[in-house]
Amino acid sequence: LPADQRVCTCGNPLHVIGVESCLEVERIEMVIQHAIEREKYGCRKCEKVVAVAPGPDRPFEKGLLGVGFLANVATEHIVNHMPYYRLEQKYAREGVELGRSLLERSVAKVAARLKPLHDLLRAKVYASGLIFTDDTPVTIAQPGDRESGSKQGRVWIYLDREGNHCYEFTDSRQAKAPREWLRGFKGYIHADAFPGYDDVFVQGDVFEVACWAHARRKFVEAESSDP
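Okay, structure coming up:
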């Protein structure tokens, strides 16, 4: 407080008796460029380079983007559904010129690098003997298609009783999606009545478990219309 306000109404000076605090959250986005230099060793007699010092571990050989930037691109595109052209514009505003083709290749490389993790999760879900599955629509941008501008794809989830789960993306809702993903599985599958699962259930080692959410829904609807 200013000095002239640090006086009590009784005339005595005011003293600090505590602190009133609050939090304010700020968000900072920044891009850091690392200059990587490696010493080269050559022979003065042969006049040629014979050895180059090893560099730091990098996600991809000769790749421009670091681990953090790659994670940001993948998260923005896959989790936040940010199209590549908008990501290109976003990074340009931050002073980084990255073409859409580079962003697309980067996400594809990240996906390929993470495939062993996906395969491990898939194996864990398979081993459970009980899979819960469903699918949901997702809009796919079609920049070259002036008539529709977009199409509808599907994201499928396969979940075990422990919470381990895998996602699978397809550009349609054809029956081959669950048929291929569940090929070789033995056990129980908890799903809705989507006909696409029928090919899976005809296998002798796979048993259909009805979806209780769909069964319960009709009772709830009946109760609301005729208590």
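FYI, the numbering for the sequence shown is 78 to 304, going by the numbering used here. Backbone N, C-alpha and C define an ideal beta-carbon position, used for all residues, glycine too.
{"Asked": "Along the chain, where does the beta strand (DSSP E) that runs through residue 245 open and close?", "Found": "242-247"}
{"Asked": "Specify the secondary structure class of residue 266 as computed by DSSP and reduced to three states.", "Found": "strand"}
{"Asked": "Between which two residues does the beta strand (DSSP E) holding residue 236 run?", "Found": "227-236"}
{"Asked": "Would you list, in sequence order, the uninterrupted beta strand (DSSP E) runs of no fewer than 3 residues that lie entirely inside the stretch 97-142?", "Found": "117-120, 125-129"}
{"Asked": "Which word fits residue 101, buried or exposed, when buried means at least 16 other C-beta atoms lie within 10 angstroms of its C-beta?", "Found": "exposed"}
{"Asked": "Does the stretch 143-153 come close enough to the stretch 195-210 that 3 or more CB-CB pairs lie under 8 angstroms?", "Found": "no"}
{"Asked": "Would you tell me roughly how many angstroms separate the C-alpha atoms of residue 195 and residue 279, rounded to the nearest one?", "Found": "27 angstroms"}
{"Asked": "Thinking just about the alpha-carbon of each residue, which of 283, 226, 136, 274 is nearest to the one in residue 185?", "Found": "136"}
{"Asked": "Are the stretch 280-289 and the stretch 252-269 touching, with three or more C-beta to C-beta distances below 8 angstroms?", "Found": "yes"}
{"Asked": "Might you give, ordered along the chain, the residues of its own chain that have their beta carbon closer than 6 angstroms to the beta carbon of residue 128, omitting 5 neighbours on each side?", "Found": "118"}
{"Asked": "Does DSSP classify residue 285 as helix, strand or coil?", "Found": "strand"}
{"Asked": "Are residue 232 and residue 213 closer than 8 angstroms when you measure CB to CB?", "Found": "yes"}
{"Asked": "Hey, residue 211 and residue 269 are a contact pair by Cβ (cut 8 angstroms); roughly how many whole angstroms apart?", "Found": "7 angstroms"}
{"Asked": "Among all the DSSP beta bridges, which residues are the ones paired with residue 307?", "Found": "Absent from the model: residue 307. The displayed extent of the chain is 78 to 304, so no value can be given."}
{"Asked": "In chain order, what residues of the same chain lie with their CB nearer than 6 angstroms to the CB of residue 215, ignoring the 5 residues before and after it?", "Found": "230, 232"}
{"Asked": "Go through its chain and collect everything with a Cβ distance to residue 180's Cβ below 7 angstroms, but skip five positions before and after it.", "Found": "150, 161, 164, 165"}
{"Asked": "With residue 195 as the anchor, note down where its alpha helix (DSSP H) starts and where it stops.", "Found": "177-204"}
{"Asked": "Residue range of the alpha helix (DSSP H) that residue 150 falls in?", "Found": "144-151"}
{"Asked": "For residue 144, does the count of other Cβ atoms within 10 angstroms reach 16, so buried, or fall short, so exposed?", "Found": "exposed"}
{"Asked": "In whole angstroms, what is the alpha-carbon distance linking residue 300 and residue 218?", "Found": "42 angstroms"}
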